[in-house]
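Visitor: There's a structure below that I have some questions on.
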Amino acid sequence: MAAELLKAQVNRGGRRELYWFRDERGLEVDFVLPRPGGKLAFLEAKAARTVVPSDAGALQRLAPEKKFERVVVFRGTAHDALEVTLAPGVKAQTVERLVRGP
Numbered sequence: 013m014a015a016e017l018l019k020a021q022v023n024r025g026g027r028r029e030l031y032w033f034r035d036e037r038g039l040e041v042d043f044v045l046p047r048p049g050g051k052l053a054f055l056e057a058k059a060a061r062t063v064v065p066s067d068a069g070a071l072q073r074l075a076p077e078k079k080f081e082r083v084v085v086f087r088g089t090a091h092d093a094l095e096v097t098l099a100p101g102v103k104a105q106t107v108e109r110l111v112r113g114p
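Residue numbers for the sequence shown follow the numbering used here, beginning at 13 and rising by one.
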């Protein structure tokens with residue numbers, strides 16, 4: 013997933029920027045991705061082809077503020093082209109959808 017995110021940034025003419033975060037309580041997020049306008053997206057990567065609401069738990073505890081985009085990214089299938097709300101303030105989308113953009 014990291015390679016796909018970095019490749020998408022370069023293909024859009026941007027800098028390669030991808031970070032990881034862990035706080036003093038041990039809560040962590042797999043990727044922190046800079047977004048336009050100085051915003052950040054917190055991404056939780058799942059190798060599964062499906063996701064469940066409990067997959068959003070870490071993102072909800074780590075970044076409860078609405079100023080961060082919070083996304084659970086999963087492998088999915090070709091039929092999973094749309095993003096869905098997984099939990100309040102947390103969406104789920106496939107890697108392909110994420111790198112393709114809005």
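From the three backbone atoms N, C-alpha and C, an ideal C-beta is built for every residue, glycine too.
Check for me: the beta strand (DSSP E) holding Arg-27 runs from which residue to which?
Guide: Unbroken run through Arg-27: none, as it is neither H nor E.
Visitor: Determine the closest residue to Lys-103 out of Ala-70, Phe-86 and Arg-82, with distance taken between C-alpha atoms.
Guide: Of Ala-70, Phe-86 and Arg-82, the residue nearest in Cα terms is Arg-82.
Visitor: Hey, quick one: how far does the alpha helix (DSSP H) through Leu-52 stretch, first residue to last?
Guide: Premise fails: Leu-52 lies in the beta strand (DSSP E), 51–58, not in any alpha helix (DSSP H).
Visitor: So the beta strand (DSSP E) Glu-40 belongs to, where does it begin and stop?
Guide: Residues 40–47.
Visitor: Please go through the same chain and pick out, in chain order, the residues whose beta-carbon is closer than 6 angstroms to the beta-carbon of Glu-29, but skip the five residues on each side of it.
Guide: These residues qualify, in order along the chain: Pro-46.
Visitor: What did DSSP end up calling Leu-17 once you bin it into helix, strand or coil?
Guide: Three-state result, Leu-17: helix.
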